[in-house]
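Residue numbering for the sequence shown follows this note's numbering, starting at 18 and increasing by one per position. Heads up, the beta-carbon is just placed ideally off N, CA and C, and yes, glycines get one too. In this text, all values refer to a predicted model and were calculated from it rather than measured experimentally.
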Amino acid sequence: MTLFSYVEFCLYEALDDMTNFQRTYSIGEVEIDGAAIYHTTGLRERRDHCTLFGCTREPTGFDTNRDVFVGVHNGLQEAAVPLAGRAFNSVAHGWNPVGSHQLDLRLEPGEEETFAFVLALLEQPGPTVDRAAGHALLARYAEPGAVWTAFDALRERWRVLLDGLQVDCPDTLVRRMLNTWNQSQVIATFNLSRSASLWESGIGRGMGFRDSNQDLLGCVHLVPERARQRLLDLAATQLSDGTCFHQYQPLTKKGNAEIGGGFNDDQLWLVVSTCAYIKETGDASILAEPVGYADVPGSRDDLLHHLETSIAFTLANRGKHGLPLIGHADWNDCLNLNCFSTDPDESFQTAGDVEGSRAESAMIAGLFLYAARELARLYTHLDRPEDEARLLAAYDEMLAAVEAEAWDGAWYLRAFDAAGSPVGSHVCDEGRIFVESQAWCVLGGAGAENGRARRALESVQELLAKEDGVVLVQPAYTRYHPELGEITSYPPGYKENGGVFCHTNPWITLCWCLLGEGDRALDSYLAICPATRESRIETYRSEPYAFAQMIAGPDAATPGEAKNSWLTGTAAWALVALSQGILGIRPDYGGLRVDPCIPPGWDSFHVTRRFRGVVYEIGVRNPRHVSGGVHGLTVDGREVFGNLVPAGAVGSVVHVDVELGG
Ligand code: GLC
Ligand code: GLC
């Protein structure tokens with residue numbers, strides 16, 4: 018048997034590699050040292066690394082020139098080298114360097130042989146390849162079992178990580194998603210945010226400001242130290258007036274203005290994520306970390322200053338209804354109320370001028386309520402009653418504006434456009450109801466006392482909840498509205514224009530939890546849950562274990578078809594909705610709160626939760642078959658009043674027994 022390996026090298030400078038062929042096709046270099054193939058482009062001038070593609074078994078040939086391996090007139094499906102059955106020992110000079118080994122194997126029936134291919138980035142001290150280092154690396158993986166040991170170590174790392182949150186409950190899909198897949202996905206979204214990946218390909222995109230702050234909510238329990246650094250990195254891309262770079266580049270950590278700016282919700286997410294970090298870790302010292310503003314060289318204000326700047330920005334930028342100005346857009350990137358674009362080739366994300374615009378967002382108002390209340394609670398925790406009172410006064414003022422101006426009769430309006438006309442109102446001919454303002458006004462506490470929260474959620478259920486989840490808007494826009502922007506550029510049923518934009522669904526799950534509706538909460542979790550799609554995978558057409566950004570809605574030509582899996586805020590919010598909303602295991606400043614909202618049909622469930630260095634084994638019994646309400650709680654056998662489990666001794670295992678029943 019003759020076996021050929023094959024990898025294609027990228028030329029390090031990603032954008033040039035994809036665009037600047039007049040240069041890149043002349044710079045490619047390789048070096049071959051037995052089983053070690055080095056991709057060395059740029060090494061002899063300024064690059065301090067090269068790539069090694071090696072094999073732990075001696076090859077009988079190699080190739081590094083793509084044209085030779087593939088053949089000038091062939092494709093990869095009929096590449097020249099495997100067709101010929103032998104390597105040509107080609108050495109790449111320019112063009113597209115590749116790495117390929119030829120291995121001649123002779124196996125008797127039943128005989129096995131184990132060897133490994135190793136692909137590695139090697140840091141290089143000088144302009145010539147450190148062949149000894151490459152040799153040593155290959156020798157390490159040539160040791161019997163070394164590769165499996167490395168895989169075992171990786172698996173063990175994940176096991177320890179995921180063990181921090183494990184559930185045993187009556188729903189198999191919930192178990193499978195929470196214990197493994199959802200937690201893996203939140204690490205992926207945390208790592209990559211919205212940068213170079215399958216759906217956000219190329220290098221134009223980066224770490225989203227609002228995205229990363231939300232992604233962090235899902236994994237702060239897994240990677241608290243990294244979350245701390247991320248918060249500081251994000252804050253450093255905020256400007257002194259409170260606005261933010263909408264994205265920053267992961268390698269340079271510099272804000273990227275090219276993808277647009279002026280999204281007036283951005284900064285508020287920093288408040289939400291910072292509070293979540295402190296509740297998880299108890300580490301309020303982060304508030305005093307010096308972190309500058311991107312537009313003030315040398316500034317060293319602290320993180321708390323950033324949170325106040327964020328709140329102040331929203332308060333200072335309100336429209337005539339007292340609601341926050343939307344700027345370029347809010348969470349819904351495609352609600353561009355100030356673009357009025359007529360040029361088919363310009364991006365909605367950068368077009369238009371928001372200077373002087375009066376368009377307002379009820380979604381930002383709701384998010385502000387949520388953030389202001391979070392910050393007020395943080396001040397309570399820090400024992401700063403005056404600051405707490407100041408934040409609560411701002412909260413009350415915004416709440417009054419929401420209730421006075423943003424209620425449409427059966428749901429909350431979405432916005433007022435630049436001309437002052439309502440968006441997402443019964444008076445509109447299309448786009449009458451949007452999900453975002455229902456979710457955030459309710460999560461922010463609007464409608465809690467006057468019944469509107471429940472009314473708004475019933476409207477969501479009646480008008481937006483479909484078989485594949487809650488769609489973003491109804492009726493979907495059938496024509497282009499220049500005063501609304503990109504949302505109306507999508508055909509009905511796709512993306513923000515009436516698709517099931519999954520990110521919003523866990524918000525609704527959390528709203529149902531607020532209202533104590535355990536069955537509806539779980540139904541809403543399962544509606545977008547990829548694991549439920551196994552039997553409909555030909556329609557769903559996406560991984561049945563990774564949340565997707567969007568599932569085409571009923572108005573689409575391909576309803577039920579998912580797109581943009583993996584890098585979506587859905588992952589973090591689904592995990593939060595499930596673990597903190599439905600299962601109700603919620604970090605709080607003073608300890609771990611247990612406040613479930615489960616289907617009354619559940620008899621019991623069990624959660625293992627690592628929290629501030631303690632492992633909590635939490636058993637919840639439901640003998641009265643209710644959704645929630647803690648009837649009794651014991652911690653290591655001792656009765657505790659209320660639903661807050663006080664912090665245990667670091668390193669200990671604490672047993673919590675909870676009986677539901679109000
Ligand atoms: C995308 C963006 C996110 C935005 C959402 C809605 O998922 O990454 O920032 O909030 O679309 O437009
Ligand atoms: C597009 C997408 C939206 C995304 C935005 C950011 O408008 O529809 O989901 O957030 O691009 O670039």
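Quick one: what's got a C-beta closer than 6 Å to Leu179's C-beta in the same chain, skipping five residues either side?
Your numbering for residue 179 matches position 162 in the sequence shown. So the list reads Gln200, once near-sequence residues are dropped.
Rounded to whole angstroms, what's the CA-CA distance from Gln266 to Asn37? Just pull it up for me.
As a working mapping, residue 266 is identified with position 249 in the sequence shown. As a working mapping, residue 37 is identified with position 20 in the sequence shown. Each residue's alpha carbon lies about 21 Å from the other.
When DSSP labels each residue in this structure, what does Phe564 get in the three-state scheme?
Position 547 of the sequence shown, counted from the start, is the residue given in the question as residue 564. It is coil, neither helix nor strand.
Tell me which residue opens and which closes the alpha helix (DSSP H) that Pro402 is part of.
In the sequence shown, the residue the question calls residue 402 occupies position 385. Run containing Pro402: 402-422, per the alpha helix (DSSP H) assignment.
When you compare only the Cα positions, how much space is there between Leu182 and Thr81?
Position 165 of the sequence shown, counted from the start, is the residue given in the question as residue 182. Position 64 of the sequence shown, counted from the start, is the residue given in the question as residue 81. Answer to the nearest angstrom: the Cα atoms are 46 Å apart.
Enclosing beta strand (DSSP E) for Gly116 [first to last residue]
The residue labelled residue 116 in the question sits at position 99 within the sequence shown. Counting along the chain, the beta strand (DSSP E) containing Gly116 begins and ends at 114-121.
When you compare each of Val24, Thr131, Ser552 to Glu160 by their alpha carbons, which one comes out closest?
Mapped onto the sequence shown, residue 160 falls at position 143. Minimum Cα distance to Glu160 is reached at Thr131.
Got a sec: does ligand 1 put a non-hydrogen atom nearer than 7 Å to the Cβ of Thr585?
By 1-based counting over the sequence shown, the position of residue 585 is 568. Yes; taking the cut-off as 7 Å, the Cβ of Thr585 has a heavy atom of ligand 1 nearer than that.
Whole runs of the alpha helix (DSSP H) within the segment 211-245, excluding any shorter than 4 residues:
226-236
State whether the segment 106-125 contacts the segment 71-87, with contact taken as three or more CB pairs (one from each stretch) at a distance under 8 Å.
yes
So, using beta-carbon positions, are Pro617 and Leu600 closer together than 8 Å?
Within the sequence shown, numbered from 1, the residue matching residue 617 stands at position 600. Within the sequence shown, numbered from 1, the residue matching residue 600 stands at position 583. Contact: no.
Return the Cβ separation of Val288 and Ile343 in integer angstroms, given the expectation that the two are a contact with Cβ distance under 8 Å.
As a working note, residue 288 is residue 271 in the sequence shown. As a working note, residue 343 is residue 326 in the sequence shown. At roughly 18 Å, the Cβ-Cβ gap does not stay under 8 Å, so Val288 and Ile343 are not in contact.
Leu209 - containing alpha helix (DSSP H), residue span
Counting from 1 along the sequence shown, the entry for residue 209 is found at position 192. Start and end: 200-209.
My assumption, with CB atoms under 8 Å, is that Ile450 sits in contact with Gly441. Please give the rounded CB distance.
As a first step, residue 450 is located in the sequence shown; it is residue number 433 there, counting from the start. As a first step, residue 441 is located in the sequence shown; it is residue number 424 there, counting from the start. Contact flag correct, Cβ pair sits at about 6 Å.
Residues bridged to Cys261 (per DSSP):
Position 244 of the sequence shown, counted from the first residue, corresponds to residue 261. Cys261 pairs with Gln255.
How far does the beta strand (DSSP E) with Cys351 in it reach, from first residue to last?
As a first step, residue 351 must be located in the sequence shown, where it is residue number 334. Taken as a continuous stretch (DSSP letters only), Cys351 belongs to no beta strand (DSSP E), as it is neither H nor E.
Under the three-state reduction of DSSP, which class applies to Glu475: helix, strand or coil?
Working through the sequence shown from its first residue, we reach residue 475 at position 458. In this structure, Glu475 counts as helix in the three-state DSSP scheme.
Given that a residue counts as buried once 16 or more other Cβ atoms are within 10 Å of its Cβ, and exposed if not, what is Tyr42?
Start at 1 with the first residue of the sequence shown, and residue 42 comes out as number 25. Exposed, by the Cβ-count rule.
Endpoints, beta strand (DSSP E) assigned at Cys530:
Locating residue 530 in the sequence shown gives position 513, counting from the first residue. Looking at the DSSP string, Cys530 is not in any beta strand (DSSP E); the run it does join, the alpha helix (DSSP H), is 522-531.
At a threshold of 7 Å, does Glu403 count as lining ligand 1 (C-beta to nearest heavy atom)?
To locate residue 403, count along the sequence shown from 1; it is residue 386. Checking every heavy atom of ligand 1 against the Cβ of Glu403, none is found closer than 7 Å.
Using the C-alpha atoms, what's the distance from Val487 back to Leu154?
What you label residue 154 is simply residue 137 of the sequence shown in a count that begins at 1. What you label residue 487 is simply residue 470 of the sequence shown in a count that begins at 1. For Leu154 and Val487, the distance between alpha carbons rounds to 51 Å.
Where does Gln491 sit, in a helix, a strand or coil, going by DSSP?
As a working note, residue 491 is residue 474 in the sequence shown. In the structure shown, Gln491 sits in a strand (DSSP, three-state: E or B).
Report the option in Asn639, Glu656, Arg629 whose CA atom is closest to the CA atom of Glu297.
Numbered from 1 along the sequence shown, position 280 holds the residue referred to as residue 297. When each option's Cα is compared against that of Glu297, the closest is Arg629.
With H, G and I counted as helix, E and B as strand and the rest as coil, what does DSSP make of Gln141?
Walking along the sequence shown from the start, residue 141 turns up at place 124. In the structure shown, Gln141 sits in coil (DSSP, three-state: anything other than H, G, I, E or B).
So, do the segment 338-353 and the segment 244-257 have three or more beta carbon pairs nearer to each other than 8 Å?
no
One question on the structure: do Leu138 and Phe70 come within less than 8 Å of each other, judged by their Cβ atoms?
Mapped onto the sequence shown, residue 138 falls at position 121. Mapped onto the sequence shown, residue 70 falls at position 53. Not a contact, by the Cβ cut-off of 8 Å.
So is Glu422 in contact with chain D if we call contact Cβ pairs under 8 Å?
Considering every chain present, this structure includes no chain D. It has just one protein chain.
Would you check if there are 3 or more beta carbon pairs closer than 8 Å linking the segment 412-423 to the segment 376-388?
yes
With the cut-off set at 8 Å, would you say Ala591 and Trp198 are in Cβ contact?
On the sequence shown, position 574 is the one that residue 591 refers to. On the sequence shown, position 181 is the one that residue 198 refers to. Contact: no.
So does Gly516 have its beta carbon nearer than 7 Å to some heavy atom of ligand 1?
Start at 1 with the first residue of the sequence shown, and residue 516 comes out as number 499. Outside the cutoff, so no.
Ile44 - DSSP class collapsed to helix/strand/coil:
Sequence index remark: in the sequence shown, residue 44 carries index 27 (1-based). Three-state result, Ile44: coil.
Among the residues of its own chain, which have a CB less than 7 Å from the CB of Val477, if the five just before and after it don't count?
The sequence position of residue 477 within the sequence shown is 460, counting from 1. Same-chain partners within the cutoff: Val452, Gln455, Val487, Ile525.
Using C-beta distances below 6 Å, list every residue in its chain close to Pro571, excluding the 5 sequence neighbours before and after it, in chain order.
For the purposes of this step, residue 571 is taken as residue 554 along the sequence shown, with counting starting at 1. Excluding positions up to five away in sequence, the list reads Lys483.
Is Tyr29 helix, strand or coil by DSSP?
Residue 29 sits at position 12 when you count from the first residue of the sequence shown. Note: Tyr29 maps to coil in three-state DSSP.
Roughly how many angstroms lie between the CA atoms of Phe86 and Gly59, to the nearest whole one?
By 1-based counting over the sequence shown, the position of residue 86 is 69. By 1-based counting over the sequence shown, the position of residue 59 is 42. If you take the alpha carbons of Phe86 and Gly59, they lie about 23 Å apart.
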